[in-house]
Each structure stands twice: as structure tokens, then as C-alpha cells.
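Novice: Just so it is clear: in the sequence shown, position 36 is 36 by our numbering, and no numbers are missing. The structure that follows is given in the form of C-alpha cells.
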Amino acid sequence: MDIPLWLTICLQVLLQIVFIMLNAVFACAEIAVIETKGAKLDSLAENGNKKAKRLKRLTDQPAKFLAAIQVAITLSGFLGSAFASDNFSVYIVNGLHGKTPLSDNAIKTISVIIITVILSYITLIFGELVPKRLAMKKAESIALGLSGTVNLIAVCFKPLVWLLTVSTNAVLRALGIDPDAEDSEVSEEDIRLMADAGSESGSIGESENEMIQNIFEFDDITVGEIATHRTEMTVLWAEDSDSVWEETVKNDIHSYYPICGDTIDTVTGILDAKKYLRLSDRSRASVMAHAVGKPRYVTEVMKADALFREMKRGRFTVAIVVDEYGGTSGIVTLNDLIEQIVGDLDESENAGDIRKQGAGYIISGLAERESFDELFGIDTGNDSATVGGWVMEQLEKIPEAGDELERDGVKIRVTKADARRVIEIYAEKLPKDTTAEEEE
Numbered sequence: 001m002d003i004p005l006w007l008t009i010c011l012q013v014l015l016q017i018v019f020i021m022l023n024a025v026f027a028c029a030e031i032a033v034i035e036t037k038g039a040k041l042d043s044l045a046e047n048g049n050k051k052a053k054r055l056k057r058l059t060d061q062p063a064k065f066l067a068a069i070q071v072a073i074t075l076s077g078f079l080g081s082a083f084a085s086d087n088f089s090v091y092i093v094n095g096l097h098g099k100t101p102l103s104d105n106a107i108k109t110i111s112v113i114i115i116t117v118i119l120s121y122i123t124l125i126f127g128e129l130v131p132k133r134l135a136m137k138k139a140e141s142i143a144l145g146l147s148g149t150v151n152l153i154a155v156c157f158k159p160l161v162w163l164l165t166v167s168t169n170a171v172l173r174a175l176g177i178d179p180d181a182e183d184s185e186v187s188e189e190d191i192r193l194m195a196d197a198g199s200e201s202g203s204i205g206e207s208e209n210e211m212i213q214n215i216f217e218f219d220d221i222t223v224g225e226i227a228t229h230r231t232e233m234t235v236l237w238a239e240d241s242d243s244v245w246e247e248t249v250k251n252d253i254h255s256y257y258p259i260c261g262d263t264i265d266t267v268t269g270i271l272d273a274k275k276y277l278r279l280s281d282r283s284r285a286s287v288m289a290h291a292v293g294k295p296r297y298v299t300e301v302m303k304a305d306a307l308f309r310e311m312k313r314g315r316f317t318v319a320i321v322v323d324e325y326g327g328t329s330g331i332v333t334l335n336d337l338i339e340q341i342v343g344d345l346d347e348s349e350n351a352g353d354i355r356k357q358g359a360g361y362i363i364s365g366l367a368e369r370e371s372f373d374e375l376f377g378i379d380t381g382n383d384s385a386t387v388g389g390w391v392m393e394q395l396e397k398i399p400e401a402g403d404e405l406e407r408d409g410v411k412i413r414v415t416k417a418d419a420r421r422v423i424e425i426y427a428e429k430l431p432k433d434t435t436a437e438e439e440e
């Protein structure tokens with residue numbers, strides 16, 4: 001029984017669709033595996049993923065894997081083109097026979113070219129470009145899903161793959177390239193470019209990209225570049241009185257103060273401002289015993305990352321920077337190092353932050369109440385640990401910006417607050433005559 005013409009054509013079209021689909025699967029698998037190979041695939045395999053283990057065995061021998069995939073892609077494309085040219089050109093020749101001045105051979109040649117062009121276009125779209133774009137977007141899931149197919153291809157074409165691998169390696173060696181050498185690892189520049197691209201596309205935040213870039217630059221920065229220069233240092237002179245020291249610490253709000261002898265090059269100790277403000281006895285002997293530590297010295301040419309490791313190992317957070325002659329070049333803190341990575345820190349949100357402003361101080365709501373008491377020489381009690389908590393107790397409500405109160409000659413105004421807490425206050429010591437008038 002003869003097969004109807006329409007059924008024959010349908011079967012031939014179906015065969016072409018099968019070849020295009022096979023091409024699509026192989027092309028998709030190639031890109032997906034290449035995108036997934038590396039640390040991600042290693043991690044999945046180590047976690048016991050069987051598909052990942054199977055895929056890793058193939059990618060550990062990239063020459064064999066690529067040869068197997070290319071054989072499959074080439075065969076599907078070749079067979080599809082051959083069948084299409086042979087099958088469909090017959091219909092064109094029969095349809096145009098006797099209707100044109102061209103011979104049947106000429107018509108067949110032209111029809112083969114037309115069919116090849118049309119088939120190439122369809123195959124490029126549905127058998128190459130679309131599958132590869134999908135593979136790039138969902139590389140991991142596709143690679144794992146097609147791991148069995150890829151493995152089957154490698155087994156089926158093993159003899160041919162071996163021949164192609166040997167031939168390819170021979171050509172590479174002739175070009176002076178070692179085919180067994182490890183593939184180049186992802187470089188620092190690659191990661192930085194990927195971070196920039198991610199930031200531009202929106203998949204990585206601008207601040208995250210900045211942090212990634214700063215991390216890579218961290219080991220190129222010297223301590224001298226980030227330290228506070230000696231001309232900008234606030235120091236405590238050993239010959240000055242206790243009252244001068246106290247005035248300096250209260251007016252020039254810093255975390256640490258170098259204590260110097262005759263010159264700024266003779267640093268004898270470093271005063272911790274937080275410990276100092278907690279002291280009830282601020283005599284020289286008490287301060288030196290409880291708030292002053294021995295100075296650590298680092299050279300200005302030392303790398304920032306090396307100092308960071310040294311601070312971690314030595315458990316210190318501040319160091320005096322010295323130049324090549326041994327003189328004081330500046331001072332550097334752990335905070336300076338961290339800012340090189342995360343950017344400038346908003347210190348107003350830091351617990352314990354107290355900054356001089358005009359006649360008074362801007363104080364964080366998270367500042368320790370004891371530090372507040374020591375700063376103004378008052379006693380606010382022992383109920384609250386932070387300044388913000390104490391202000392809320394005094395006002396007996398959740399304060400709003402602009403709320404004011406006065407305690408023991410200190411005027412306090414809430415400058416920042418939200419629905420749950422006091423963020424920041426401004427406090428200043430009132431003149432004694434003003435306080436006396438108000439009491440009368």
C-alpha cells in the first residue's frame with residue numbers, strides 16, 4: 001500500500017523537527033555544563049548530588065566532553081541538512097519540471113541551496129541561539145537535568161571521541177600548548193569586572209560592588225595612606241595638668257589620644273577615651289593605670305591587610321605609625337582599616353558616640369549613660385544603660401524630635417527619634433547664673 005503524499009511530507013517534516021530538537025538539546029547541554037563547571041559544580045558534588053558527581057567526571061576531562069558534544073551537534077546538523085536537501089528538493093524539481101527553461105539538475109541545485117538556507121536559519125534560531133540563551137540563564141538546573149544525556153553521548157561515541165581527542169591534543173602540542181595543563185582560574189580582574197557588570201544590571205547593589213572593589217584594593221594600600229597624619233593628631237602632653245587632659249578629651253572627641261613627652265616623636269602611651277570617661281578618679285596615677293596602654297608601632301609602608309592581620313593576632317585596635325627615621329608619622333585605628341572596605345562609617349549611629357558641637361555635644365541615643373554622667377559631672381541614676389533609655393524615662397513617653405528636658409544644669413533636646421527609640425540628642429551645660437535664676 002502506497003503512503004499518501006501528505007503523510008510522507010508530514011513524516012519528513014517531523015524528522016527535521018527531531019533533528020533540530022536534538023541539536024537544541026546538545027547545544028543547550030554544552031553551554032549549561034560550561035557555565036556550571038568549576039566551584040559551583042564541585043560544591044554540589046561534595047554535597048552528595050549524584051547528577052553533579054556524574055557531570056563532574058565528564059568535565060574533569062574537558063577535551064573528551066567537548067569532543068562528545070561536538071560530535072552529537074555535528075551529526076544532528078549534518079543529518080538534518082542531508083535529509084532535508086534530499087527529500088524536499090524532489091518536490092521542488094517535480095513541481096517546476098517543464099515550467100521553466102532550467103534543466104532538472106539546475107533546478108535541483110538551486111532548490112538544495114534554498115532549502116539549506118531556510119533550514120540553517122530555522123536551526124540557528126531553534127537549535128542554537130534560543131537553547132544557548134536558555135542554558136546561560138538556567139545553567140545549573142539544565143546541566144544537572146541533561147547530565148544523563150551527556151553521559152550517554154560520551155559512552156556511545158567513545159571510540160570517535162578518543163580519536164578526536166588524540167587528534168586535537170596532537171594539534172595543540174604542535175602549536176606549543178600543553179593540552180593537559182589546568183584551565184586558567186578566575187582572576188581578580190574577572191571578579192571585579194563581573195561585580196561592575198552586576199552593579200550596572202542591578203543584580204548587585206552599588207554599595208556591594210564598592211565593597212568588593214575595596215577588598216581587592218585593600219592589600220595594595222599602605223598604612224601611611226590611611227593613617228591620620230601627625231599634623232592632624234590630637235595629643236596629650238605629659239607635662240600638662242590633669243584638668244588640661246580632661247578638657248582636651250571632652251572638647252576634641254576622639255577614641256584614642258597619644259600621650260607624648262618632649263616632642264610628638266616620643267609617644268609614651270595611648271589613652272582610651274571611653275575608659276577615661278568611665279573613671280571617677282581622673283588623677284594622673286589612676287588614668288595611667290586604668291585608661292592608658294602601651295603604644296604599638298607600625299611602619300608607614302606596611303600594607304593595610306598585613307596590619308589588619310597583626311591587629312587581629314595581637315588583639316589591639318590602635319597603632320602609632322612611624323616613618324623611615326623612626327619619627328611619628330601619624331596614628332591608625334582598626335576603624336580606619338574597616339572604612340577602607342565598607343566606606344565611611346556613620347559614627348552617629350555607633351554606641352558611645354559623643355561629638356562636640358558648638359557649646360554642647362551631639363550624643364547618640366546608644367551612648368552609655370555613665371559616659372554621659374562623666375562628661376557633665378552629674379548622676380542620672382542606675383536605671384538605664386543608655387542615654388536614649390534615660391531620656392525616655394525622664395519624659396515618660398517615646399520622645400519626638402524637639403522634646404526638651406533639663407537635669408542638674410544640663411539642657412537636653414531630642415534631635416532625632418523614631419517610633420521606638422531616641423536616636424540622637426543635643427546636650428549642653430547651662431551657665432551657673434542661668435541655672436540659679438531658674439531655681440529661684
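For glycine and all other residues, C-beta sits at the position ideal for the given N, C-alpha and C. All values reported here derive from a predicted model rather than from experimental measurement.
When DSSP labels each residue in this structure, what does PRO131 get in the three-state scheme?
Specialist: The residue given as residue 131 occupies position 131 in the sequence shown. Helix at PRO131.
Novice: On the DSSP letters alone, give me the boundaries of the alpha helix (DSSP H) that GLY224 sits inside.
Specialist: By one-based count along the sequence shown, residue 224 stands at place 224. Per DSSP, GLY224 belongs to the alpha helix (DSSP H) from 223 to 226.
Novice: Using three-state DSSP, classify ASP272 as helix, strand or coil.
Specialist: One-based indexing of the sequence shown puts residue 272 at position 272. DSSP places ASP272 in strand when its eight states are reduced to three.
Novice: Buried or exposed for ARG432, please, with buried defined as at least 16 other CB atoms from any protein chain shown within 10 angstroms of its CB.
Specialist: Taking the first residue of the sequence shown as position 1, residue 432 is located at position 432. Before going further, note that residue 432 is Lys rather than Arg in the sequence given. Burial call: exposed.
Novice: Does DSSP put TYR297 in a helix, in a strand, or in coil?
Specialist: The residue given as residue 297 occupies position 297 in the sequence shown. Here TYR297 sits in strand by DSSP.
Novice: Is it right to say ILE212 is buried, meaning 16 or more other beta carbons lie within 10 angstroms of its own, or is it exposed?
Specialist: Translated into positions along the sequence shown, residue 212 becomes position 212. Classification for ILE212: buried.
Novice: LEU236 and GLU374: beta carbons closer than 9 Å?
Specialist: Taking the sequence shown and counting its residues from 1, one reaches residue 236 at position 236. Taking the sequence shown and counting its residues from 1, one reaches residue 374 at position 374. No. Outside cutoff.
Novice: Taking 9 Å as the threshold (C-beta atoms), are ALA68 and PHE157 in contact?
Specialist: Position 157 of the sequence shown, counted from the first residue, corresponds to residue 157. Position 68 of the sequence shown, counted from the first residue, corresponds to residue 68. Yes, Cβ-Cβ distance for PHE157 and ALA68 is below 9 Å.
Novice: Please classify VAL166 as buried or exposed, where buried requires at least 16 neighbouring CB atoms within 10 angstroms.
Specialist: For the purposes of this step, residue 166 is taken as residue 166 along the sequence shown, with counting starting at 1. Its Cβ having fewer than 16 others within 10 Å, VAL166 is exposed.
Novice: Going straight from the alpha carbon of THR100 to that of LYS108, what length do you get?
Specialist: As a working mapping, residue 100 is identified with position 100 in the sequence shown. As a working mapping, residue 108 is identified with position 108 in the sequence shown. Whole-angstrom Cα-Cα distance: 12 Å.
Novice: Might you give, ordered along the chain, the residues of its own chain that have their beta carbon closer than 8 Å to the beta carbon of ILE125, omitting 5 neighbours on each side?
Specialist: Locating residue 125 in the sequence shown gives position 125, where the first residue counts as 1. Closer than 8 Å at Cβ, skipping near neighbours: no residue.
Novice: Tell me where the beta strand (DSSP E) around LEU405 begins and ends.
Specialist: Sequence index remark: in the sequence shown, residue 405 carries index 405 (1-based). Counting along the chain, the beta strand (DSSP E) containing LEU405 begins and ends at 404 to 407.
Novice: Comparing alpha-carbon positions, which option in SER384, THR263, THR317 lies nearest ASP272?
Specialist: For the purposes of this step, residue 272 is taken as residue 272 along the sequence shown, with counting starting at 1. Taking only the C-alpha atoms, the option nearest ASP272 is THR317.
Novice: What are the residues that DSSP puts in a beta bridge with ILE462?
Specialist: With the chain covering only 1 through 440, there is no way to say anything about residue 462.
Novice: For ASN350 and VAL301, I'd like the C-alpha separation in whole angstroms.
Specialist: As a working note, residue 350 is residue 350 in the sequence shown. As a working note, residue 301 is residue 301 in the sequence shown. Because ASN350 carries a pLDDT of 47, less than 50, the predicted location of this residue cannot be relied on, and the following value inherits that uncertainty. Their Cα atoms are separated by approximately 30 Å.
Novice: In this structure, how does DSSP classify ILE9 when only helix, strand and coil are distinguished?
Specialist: Here residue 9 refers to the residue found at position 9 when the sequence shown is read from its first residue. Here ILE9 sits in helix by DSSP.
Novice: Take LYS53 as the anchor and find which of SER89, GLY145, LYS138 has the nearest alpha-carbon.
Specialist: Residue mapping note: residue 53 aligns to position 53 of the sequence shown, counting from 1. Checking every option, the nearest Cα to that of LYS53 belongs to GLY145.
Novice: Might you give, ordered along the chain, the residues of its own chain that have their beta carbon closer than 6 Å to the beta carbon of SER241, omitting 5 neighbours on each side?
Specialist: The residue labelled residue 241 in the question sits at position 241 within the sequence shown. So no residue of the chain qualifies.
Novice: Should VAL298 and ALA319 be called a contact, given that it needs their Cβ atoms to be closer than 9 Å?
Specialist: Numbered from 1 along the sequence shown, position 298 holds the residue referred to as residue 298. Numbered from 1 along the sequence shown, position 319 holds the residue referred to as residue 319. For VAL298 and ALA319, yes; Cβs fall inside 9 Å.
Novice: Decide if ILE177 is buried, meaning its Cβ has at least 16 other Cβ atoms within 10 Å, or exposed.
Specialist: Numbered from 1 along the sequence shown, position 177 holds the residue referred to as residue 177. Label assigned to ILE177: exposed.
Novice: According to the Cβ coordinates, are GLN16 and LEU172 closer than 9 Å?
Specialist: As a position in the sequence shown, residue 16 is number 16, starting the count at 1. As a position in the sequence shown, residue 172 is number 172, starting the count at 1. Result no, Cβ atoms of GLN16 and LEU172 do not sit closer than 9 Å.
Novice: Quick one: is LYS64 buried, meaning 16 or more other Cβ sit within 10 Å of its Cβ, or exposed?
Specialist: For the purposes of this step, residue 64 is taken as residue 64 along the sequence shown, with counting starting at 1. It is buried - the Cβ of LYS64 has at least 16 other Cβ atoms within 10 Å.
Novice: Assess contact between the region 360 to 367 and the region 386 to 401, defined as three or more Cβ pairs (one per stretch) separated by less than 8 Å. Is contact present?
Specialist: yes
Novice: Give the secondary structure of ARG313 by DSSP, where H, G and I count as helix, E and B as strand, and everything else as coil.
Specialist: One-based indexing of the sequence shown puts residue 313 at position 313. In this structure, ARG313 counts as helix in the three-state DSSP scheme.
Novice: Please state whether DSSP places TYR121 in a helix, a strand or coil.
Specialist: Residue mapping note: residue 121 aligns to position 121 of the sequence shown, counting from 1. TYR121 falls in the helix class under three-state DSSP.
Novice: Just to confirm before moving on: does the CB-CB distance between GLY377 and GLU428 stay below 9 Å?
Specialist: Your numbering for residue 377 matches position 377 in the sequence shown. Your numbering for residue 428 matches position 428 in the sequence shown. No, Cβ-Cβ distance for GLY377 and GLU428 is not below 9 Å.
Novice: I need the straight-line Cα distance from ALA84 to CYS28, nearest angstrom please.
Specialist: As a working mapping, residue 84 is identified with position 84 in the sequence shown. As a working mapping, residue 28 is identified with position 28 in the sequence shown. Taking the straight line joining both Cα atoms gives about 23 Å.
Novice: Determine the extent of the beta strand (DSSP E) in which ILE259 is found, giving its start and end residues.
Specialist: Along the sequence shown, read from residue 1 onward, the residue named residue 259 stands at position 259. ILE259 -> beta strand (DSSP E) spans 256 to 260.
Novice: For GLU239, is the classification buried or exposed, using 16 other Cβ atoms within 10 angstroms of its Cβ as the cut-off for buried?
Specialist: In the sequence shown, residue 239 corresponds to position 239, counting from 1. With fewer than 16 Cβ atoms within 10 Å of its Cβ, GLU239 is classed as exposed.
Novice: Looking at ALA417 and ASP403, is the spacing between their C-beta atoms short of 9 Å?
Specialist: The sequence position of residue 403 within the sequence shown is 403, counting from 1. The sequence position of residue 417 within the sequence shown is 417, counting from 1. Taking 9 Å as the Cβ cut-off, ASP403 and ALA417 qualify as a contacting pair.
Novice: Using alpha carbons as the reference points, say which of GLU393, VAL422, ILE423, THR380 lies closest to GLY409.
Specialist: The residue you call residue 409 lines up with position 409 of the sequence shown. With distances taken between Cα atoms, GLY409 lies closest to THR380.
Novice: What's the gap between the Cα of TRP6 and the Cα of ILE73?
Specialist: The residue given as residue 6 occupies position 6 in the sequence shown. The residue given as residue 73 occupies position 73 in the sequence shown. Cα to Cα, TRP6 sits roughly 29 Å from ILE73.
Novice: State the Cα-Cα distance for the pair ALA174 and GLY326, rounded to the nearest angstrom.
Specialist: The residue you call residue 174 lines up with position 174 of the sequence shown. The residue you call residue 326 lines up with position 326 of the sequence shown. When rounded, the distance between both Cα atoms is 59 Å.
Novice: Of all the options LEU307, PHE19, LEU14, which has the alpha carbon lying nearest to the alpha carbon of ASN335?
Specialist: Here residue 335 refers to the residue found at position 335 of the sequence shown. The shortest C-alpha separation from ASN335 is found at LEU307.
Novice: Given a cut-off of 9 Å, decide if ALA135 and ALA32 are closer than it, judged by their beta-carbon atoms.
Specialist: The count along the sequence shown starts at 1 and reaches residue 32 at position 32. The count along the sequence shown starts at 1 and reaches residue 135 at position 135. Judged by their CB atoms, ALA32 and ALA135 are nearer to each other than the 9 Å cut-off.
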